[in-house]
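Following: one structure in structure tokens, then a few remarks.
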Amino acid sequence: MGEAQKGLLSVIEKLKGSTEQEVRIVLLGLDNAGKTTLLKSLASEDVNTITPTQGFNIKSVASHGMKLNVWDIGGQRKIRPFWKKYLENTDLLIYVIDSADKKRFEETGLELSELIDEENLKGVPVLIFANKQDLATASPASEIAEGLNLHTYRDREWQIQACSAMSGEGVQDGMNWICNNIVNRKK
Ligand code: G3D
Ligand code: MG
Numbered sequence: 001m002g003e004a005q006k007g008l009l010s011v012i013e014k015l016k017g018s019t020e021q022e023v024r025i026v027l028l029g030l031d032n033a034g035k036t037t038l039l040k041s042l043a044s045e046d047v048n049t050i051t052p053t054q055g056f057n058i059k060s061v062a063s064h065g066m067k068l069n070v071w072d073i074g075g076q077r078k079i080r081p082f083w084k085k086y087l088e089n090t091d092l093l094i095y096v097i098d099s100a101d102k103k104r105f106e107e108t109g110l111e112l113s114e115l116i117d118e119e120n121l122k123g124v125p126v127l128i129f130a131n132k133q134d135l136a137t138a139s140p141a142s143e144i145a146e147g148l149n150l151h152t153y154r155d156r157e158w159q160i161q162a163c164s165a166m167s168g169e170g171v172q173d174g175m176n177w178i179c180n181n182i183v184n185r186k187k
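Numbering-wise, UniProt numbering puts 113 at position 113 of the sequence shown, and it's gapless, one number per residue.
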């Protein structure tokens, strides 16, 4: 694997120079969006899976002063209250969308808008990965942005990045945005 694999760690290395605080990131999206694939390209470290409560699997990577938590959202109304703890003090939200799964655009849009309203994510910058762009049936990021009404987000920084977690294309661009944003926020 190439540069993309080192992406997040090198971002964190840079951040260490500018802050002593831990950087907390949550990576979310519907099941099958590509989170696990993306995670593998973001972190070369071993990923621990913890199960804090029944039916709620959370993958957690901690290294270099960074804490990254990942879980599937959608269809989990009953266990949502358990998320709270893992959304506390979040510095950045990464939201992953399967750009080729048009049937679930509405569902993923609803989940994102609910997340954005979470108290613990108030004002938190959000990077949206329009993933699976390598598929011929993928919708372009601009169309997805429109469908999600991203232009109405006025209380936070946001960015949509076309990518393929599989090939790594676009992942580094997303990392660069993260780097600039967390650095600006922590200053
Ligand atoms: P999740 O962790 O969000 O549930 P995964 O999603 O990372 O497990 O990915 C779900 C499926 O989508 C996997 O396929 C994975 O290989 C595929 N996938 C992830 N990212 C991409 C991408 O950028 N392009 C393409 N074409 N496929 C991708 P399987 O077949 O293993 O279920
Ligand atoms: Mg997964």
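Ideal Cβ placement from N, Cα and C applies to all residues, glycine included.
Predicted model only: the values in this text are computed from it and were never measured.
| Item | Value |
| --- | --- |
| Near the ligand MG: Asp101 beta-carbon under 8 Å from a heavy atom | no |
| Given Lys85 as reference, the closest of Asn69, Gly147 and Arg156 once Cα atoms are compared | Asn69 |
| Per-residue burial, Gly174 [other beta carbons within 10 Å of its own, 16 or more giving buried] | buried |
| Straight-line gap, Ala141 to Thr36 (C-alpha atoms, nearest Å) | 20 Å |
| The ligand MG heavy atom lying under 8 Å from the CB of Thr36 | yes |
| Whole alpha helix (DSSP H) elements within the region 121-163, 4-residue minimum | 141-147 |
| Asn176 - DSSP class collapsed to helix/strand/coil | helix |
| Given 8 Å, three or more beta-carbon pairs between the region 90-103 and the region 120-130 | yes |
| Close beta carbons around Lys156, own chain, < 7 Å, minus the five adjacent residues each side | According to the sequence provided, residue 156 is Arg. The question's Lys does not apply to it. Hits under 7 Å: Gly123, Val124, Pro125 and Val126. |
| Assigned secondary structure, Thr90 (DSSP; H/G/I helix, E/B strand, else coil) | coil |
| Met166: CB within 8 Å of a non-hydrogen atom of the ligand G3D | yes |
| Beta-carbon proximity of Leu38 to Cys179, cut-off 9 Å | no |
| Same chain, Cβ closer than 6 Å to Val26, neighbours up to 5 away in sequence not counted | Asn69, Thr90 and Leu93 |
| For Ile58, the first and last residue of its enclosing beta strand (DSSP E) | Phe56 to Ser63 |
| As assigned by DSSP and simplified to three states, the class of Lys35 | helix |
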